[in-house]
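What follows is a set of notes on a single structure, which appears directly below.
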Amino acid sequence: MLKYVTKVGPLFTGCSVFAVVMVAGLGTELPAAVKSICINADIAMTSLDCNTGNAIDQSLNGSDNGGYYSESGAKGRNSGDRNTTNSGADRARQTGDLPPIDISTMTLFDYSQPWHASNWDHGFSDIPWKFDHVTANGSDIVLKLDQTGAPELKGVGQEGHYRGVWEADVTLPDMREGFVAAPLWLYTKNNDGKAGEIDFEFTRLGLQLTLHSEHTGAHKQHSVTVMAGQDWSGKRYKLGIRADIQAGYIEMYVNGEKVHTFRRSDSPEAFPTEPMIPLMSMWTAKSGLGWAEGWLGKWDGGIQTMTVHGYAYSPF
């Protein structure tokens, strides 16, 4: 199966979004209009031969580039300059692959390192966070939830940002009653009474996107459920958050498709106000805690694993 790519409108500043239509066969000739778009737009070179306009064999799978491109990366490819970008996040823009998370220096209670796995009680769950429930398996990071511990990986040693694109490439666990998988969410870097969150949360109800904030002095939240009825169990997705908190918007992406936009004007009290860092976690509803069990259902035990294949933050 091949990609036939047609420009349909703006995605990010300096970029374009493309409709993807499946066509059969190799070397499928593209119309002249598409050749022109290919010359002038930011299209991955693995999708089209921009010299001939011919489609190139490429399977569509969970590791597809998902439509995330940086303006600098587009300029580099169109000009023939392959050295305009060099960070792991920039390579992700060009290839669609996110760089792996490195936890080789992660040490319990050393918050100076880029990543730290939590190790304390969880007020909303009977199962505490456990440092040893976040491990490396080759280039992947494995988060394990069982009766002895729950996983939470925090970018605590990283700089917080108001603005940028946060992305994670993850394989989700088996979605069951009683727990939530949060493979990418953002939290306030400095919790100074203005704590805020931007969440991807997979539950029995589907995919819930949520904002939290305490900048008014009281906790406020705004949630939406998207792509309801989809079976997420065991599947691999690329998730993205593109936000400019100071400008007042947050865009949420699944495999490069924008599924929701939060705007400060729609929910000002729940909209975060502070710089954010990334987190990944799974946890279970505390037995007898009404709001948690009402949301997630009752946890009946077992083992869950979630795999993070890559992560990147990119400024814009």
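Per the UniProt record's numbering, the sequence shown starts with residue 1, numbered consecutively. Glycine included, C-beta positions come from ideal geometry on N, C-alpha and C. Because the structure is a prediction, the values reported are computed rather than measured.
Beta-carbon contacts of Phe131 that lie in its chain and below 6 Å, excluding the five residues immediately before and after: Position 131 of the sequence shown, counting from 1, holds the residue named residue 131. Contacts found: Leu108, Ala117 and Asn119.
With distance defined between alpha-carbon atoms, name the residue in Ile303, Ile198 and Lys298 nearest to Gly178. Position 178 of the sequence shown, counted from the first residue, corresponds to residue 178. Of Ile303, Ile198 and Lys298, the residue nearest in Cα terms is Lys298.
Does His219 come out as helix, strand or coil in the three-state DSSP assignment? Walking along the sequence shown from the start, residue 219 turns up at place 219. Correct three-state label for His219: coil.
Please go through the same chain and pick out, in chain order, the residues whose beta-carbon is closer than 8 Å to the beta-carbon of Gln147, but skip the five residues on each side of it. Along the sequence shown, read from residue 1 onward, the residue named residue 147 stands at position 147. The answer, listed in chain order, is Ile127 and Gly301.
My output table needs one value for Ala181: the three-state DSSP class, helix, strand or coil. The residue labelled residue 181 in the question sits at position 181 within the sequence shown. Residue state, collapsed to three classes: strand.
Limits of the unbroken alpha helix (DSSP H) element including Glu293: Locating residue 293 in the sequence shown gives position 293, where the first residue counts as 1. Counting along the chain, the alpha helix (DSSP H) containing Glu293 begins and ends at Gly290 to Leu296.
Compare the Cα-Cα distances from Pro315 to each of Pro114, Gln113 and Glu167 and report the closest residue. Along the sequence shown, read from residue 1 onward, the residue named residue 315 stands at position 315. Taking only the C-alpha atoms, the option nearest Pro315 is Glu167.
What did DSSP end up calling Phe202 once you bin it into helix, strand or coil? The count along the sequence shown starts at 1 and reaches residue 202 at position 202. Strand.
Is the beta carbon of Leu211 sitting closer than 7 Å to the one on His222? Residue 211 sits at position 211 when you count from the first residue of the sequence shown. Residue 222 sits at position 222 when you count from the first residue of the sequence shown. Yes.
Among Met280, His260, Phe124 and Ile103, whose alpha-carbon lies nearest the alpha-carbon of Ala292? In the sequence shown, the residue the question calls residue 292 occupies position 292. Out of Met280, His260, Phe124 and Ile103, Phe124 has the C-alpha closest to the C-alpha of Ala292.
Would you mind stating whether Gln304 and Leu172 have Cβ atoms separated by less than 7 Å? As a working mapping, residue 304 is identified with position 304 in the sequence shown. As a working mapping, residue 172 is identified with position 172 in the sequence shown. Cβ distance not < 7 Å, so Gln304 and Leu172 don't count as in contact.
Euclidean distance between Cα positions of Ser267 and Gly164: Within the sequence shown, residue 267 is the residue found at index 267, counting from 1. Within the sequence shown, residue 164 is the residue found at index 164, counting from 1. Whole-angstrom Cα-Cα distance: 21 Å.
Could you tell me the distance, in whole angstroms, from the CA atom of Pro114 to the CA atom of Ser287? On the sequence shown, residue 114 is found 114 positions in, with the first residue counted as 1. On the sequence shown, residue 287 is found 287 positions in, with the first residue counted as 1. The straight-line gap from Cα to Cα measures roughly 33 Å.
Starting from the C-beta of Gln246, find all residues in its chain whose C-beta is less than 8 Å away, skip the five residues before and the five after it, and write them out in chain order. For the purposes of this step, residue 246 is taken as residue 246 along the sequence shown, with counting starting at 1. These residues qualify, in order along the chain: Tyr162 and Arg163.
Return the residue from the list Leu279, Thr203, Pro275 and Gly290 that minimises the CA-CA distance to Val180. As a first step, residue 180 must be located in the sequence shown, where it is residue number 180. Among Leu279, Thr203, Pro275 and Gly290, the Cα nearest to that of Val180 belongs to Thr203.
Span separating the alpha-carbon of His309 from that of Gly155: One-based indexing of the sequence shown puts residue 309 at position 309. One-based indexing of the sequence shown puts residue 155 at position 155. Each residue's Cα considered, the two are about 16 Å apart.
With a Cβ-Cβ cutoff of 7 Å, do Val142 and Thr273 count as a contact? The residue you call residue 142 lines up with position 142 of the sequence shown. The residue you call residue 273 lines up with position 273 of the sequence shown. No, the Cβ-Cβ distance between Val142 and Thr273 is not below 7 Å.
Here's the rule I'm using: 16 or more other beta-carbon atoms within 10 Å means buried, otherwise exposed. How should Thr216 be labelled? As a first step, residue 216 must be located in the sequence shown, where it is residue number 216. Its Cβ having fewer than 16 others within 10 Å, Thr216 is exposed.
If you reduce the DSSP assignment to three classes, tell me which class Phe262 lands in. Your numbering for residue 262 matches position 262 in the sequence shown. Strand at Phe262.
Can the beta-carbon of Glu152 be found less than 7 Å from the beta-carbon of Ser281? Here residue 152 refers to the residue found at position 152 when the sequence shown is read from its first residue. Here residue 281 refers to the residue found at position 281 when the sequence shown is read from its first residue. Cβ atoms of Glu152 and Ser281: closer than 7 Å.
Cβ shell of Gly149 (< 8 Å), same chain only, five flanking positions each side left out: Position 149 of the sequence shown, counted from the first residue, corresponds to residue 149. These residues qualify, in order along the chain: Ile127, Pro128, Trp129, Lys130, Asp132 and His133.
Boundaries (first-last residue) of the beta strand (DSSP E) holding Pro99: In the sequence shown, residue 99 corresponds to position 99, counting from 1. Careful: Pro99 lies outside any beta strand (DSSP E) and carries neither H nor E.
Between the C-alpha atoms of Asp231 and Gly206, what's the straight-line distance to the nearest angstrom? Residue 231 sits at position 231 when you count from the first residue of the sequence shown. Residue 206 sits at position 206 when you count from the first residue of the sequence shown. One C-alpha to the other measures close to 8 Å.
Beta carbon of Ile277 nearer than 7 Å to that of Lys189: As a position in the sequence shown, residue 277 is number 277, starting the count at 1. As a position in the sequence shown, residue 189 is number 189, starting the count at 1. Yes, the pair counts as a contact, with Cβ atoms nearer than the cut-off.
What residue from Asp97, Asp102, Tyr111 and Leu239 has the CA that sits closest to Asn137's CA? The residue you call residue 137 lines up with position 137 of the sequence shown. For Asn137, the nearest C-alpha among the options comes from Asp102.
Under 7 Å between C-beta atoms of Gly248 and Arg264: In the sequence shown, residue 248 corresponds to position 248, counting from 1. In the sequence shown, residue 264 corresponds to position 264, counting from 1. In contact: Gly248 and Arg264 (Cβ atoms closer than 7 Å).
Going by DSSP, what residues sit across from Ile241 in a beta bridge? Your numbering for residue 241 matches position 241 in the sequence shown. Trp166 and Met252.
Host beta strand (DSSP E) of Tyr111 (start-end): On the sequence shown, position 111 is the one that residue 111 refers to. No beta strand (DSSP E) contains Tyr111, which DSSP labels as neither H nor E.
Using DSSP's beta-bridge definition, name the partner residues of Ala136. Numbered from 1 along the sequence shown, position 136 holds the residue referred to as residue 136. DSSP lists Ile141 as partners of Ala136.
Euclidean distance between Cα positions of Asp192 and Phe262: Position 192 of the sequence shown, counted from the first residue, corresponds to residue 192. Position 262 of the sequence shown, counted from the first residue, corresponds to residue 262. Near 23 Å, if we compare the C-alpha coordinates of Phe262 and Asp192.
Strand pairing of residue 321, partner residues [DSSP]: Here the chain covers residues 1 to 316 and nothing more, so residue 321 does not appear.
Cutoff 7 Å; reference Asn78; Cβ partners in own chain excluding five residues on either side: Counting from 1 along the sequence shown, the entry for residue 78 is found at position 78. With a pLDDT of only 28 at Asn78, under the threshold of 50, the placement of this residue in the model should not be trusted, and no figure is reported.
Count the other CB atoms, across all protein chains shown, that sit within 10 Å of the CB of Ser213; report buried if there are 16 or more and exposed otherwise. Locating residue 213 in the sequence shown gives position 213, where the first residue counts as 1. Buried.
Close beta carbons around Met106, own chain, < 7 Å, minus the five adjacent residues each side: Within the sequence shown, the letter at position 106 stands for residue 106. Closer than 7 Å at the Cβ level, and outside the excluded window around Met106, lie Gln113, Trp115, His116 and Ala117.
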